[in-house]
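Please read the structure below before turning to the comments.
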Amino acid sequence: MNRKPRVVVIGTGGTIAGHSESPTNLSYDAAQLPVDYLLKSIPQLADLAEISTQNIFSLNSKDMGSSQWLELARCIQNLVNDSNIDGVVVTHGTDTLEEAALFLESTISSRKPVVLTGSMRASTALSADGPSNLYQAIQVSASVSARDRGVLVVFNAEIIMGTKVVKGHSIATGAFSASVGGVIGSVYNGHTFFSIPPGVSPLSGLLGSALKNNNTGWPIIRTHYVTAGETEESLLAIADLDCQGIVIVGFGAGEIPDTLLSVVLDKAKQGVYFVISSRVSCCAVMPETMTLGECETIIASRHFNPQKSAVLLSLSLCIGLSPLDIFSRAEVEG
Ligand code: ASP
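Numbering (my numbering), first residue to last: -19 to 314.
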């Protein structure tokens, strides 16, 4: 390419667009500034790429969900289908960035880089981390070496697979890590390194028919967090509400107390889908490690944490695919 890469930066809000009256305040208002305002503070970006912007939401990501991610995914798919565009960057709040990254990876088909970033400190904070995260995200999206890798997250000098990225700290700037093998590169100004060859996850675009779906409602997915010594009442109360799926945030490798088993088995027989995930931060629930056996309506989450499991279950049900099939095909297993 003997012209500069063309990158579109899509703003959705978050702390990266946050504002506070004082640079030392820990509290701030998220999603106050449009994305082109953020870019103006980094004139050096003009050396990296020809950049255009779109601000599609101004939201704290606590208020984002499937409807917003569907709109975002459609917008990105249109952009990457355009032969004049080489890469896309999305600025997103960090609170639900891990769900957004999985949603986008599962629905978008793209050989071009699609990179999410955000920040832990508001734009007005002392040593705000937004500008460097944004600079490095644009650098990665403009890099030929980032092609054919699916949706990536660039944060705090790391490049992380969208399927595997996990938020692990509420305040620190190094807030993101990943499930096993998910950190696949490093980025420093002027240098983009990948530690593995190109390749997309098995989920890449697998649930893309959601983008063509005209449905307006999403399946109702509920979540139950298991605690030691609990009895069946609170799970029963959730399961008795209308819902198509329940994610169980279980113990260890998918254990649940005996007091809950009959509720799960009864509801699963009635057609409610259960995904069994784990409270453990490095979550690994395999079919044979769960208390209950895996079947069409009781599914092991594998490496997907509860919040990612909810996204995958919702998307699978939304387009009428078997969640068991999707969870068992979602990762490369040798
Ligand atoms: N609450 C903010 C958000 O997710 C947090 C952040 O962006 O860091 O929008």
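Ideal Cβ positions, reconstructed from N, Cα and C, are used throughout, including at glycine.
Check: residue i C-beta below 7 Å from any heavy atom of the ligand ASP
i: Asp9; result: no
i: Ser0; result: no
i: Gly73; result: yes
i: Gly110; result: no
i: Pro(-16); result: Sequence check: residue -16 is Lys here, not Pro. Every heavy atom of the ligand ASP is 7 Å or more from the Cβ of Lys(-16), so no.
i: Asn193; result: no
Simplified DSSP state of residue i, which is helix, strand or coil
i: Lys144; result: coil
i: Phe284; result: coil
i: Tyr253; result: strand
i: Arg(-17); result: coil
i: Cys262; result: coil
i: Val70; result: strand
i: Asp238; result: helix
i: Asn136; result: coil
i: Asn58; result: helix
i: Asp75; result: coil
i: Asp43; result: helix
i: Asn5; result: coil
i: Gly(-9); result: strand
i: Gln12; result: coil
i: Ile306; result: helix
i: Val95; result: strand
i: Ala158; result: strand
Neighbour-count burial assignment, residue i, 16 or more Cβ in a 10 Å radius
i: Tyr253; result: buried
i: Thr207; result: exposed
i: His171; result: exposed
i: Asn40; result: buried
i: Phe307; result: buried
i: Ile319; result: The chain is shown from -19 up to 314; residue 319 falls before or after that span and cannot be answered.
C-alpha gap between residue i and residue j, whole angstroms
i: Ser103; j: Ser150; result: 17 Å
i: Asn169; j: Gly209; result: 51 Å
i: Gln12; j: Lys147; result: 22 Å
i: Asn5; j: Ser123; result: 36 Å
i: Tyr115; j: Ser175; result: 21 Å
i: Ser89; j: Leu96; result: 16 Å
i: Phe156; j: Ile218; result: 31 Å
i: Thr239; j: Ile256; result: 16 Å
i: Gly197; j: Met44; result: 15 Å
i: Ile65; j: Asp246; result: 51 Å
i: Leu297; j: Asp75; result: 24 Å
Cβ of residue i within 8 Å of any chain B Cβ
i: His283; result: Here chain B cannot be found, since the structure has a single protein chain.
message: Suppose only complete runs of 4+ residues qualify. What are the alpha helix (DSSP H) ranges in the region 163 to 232, listed by chain order?
response: Correct list: 213 to 220.
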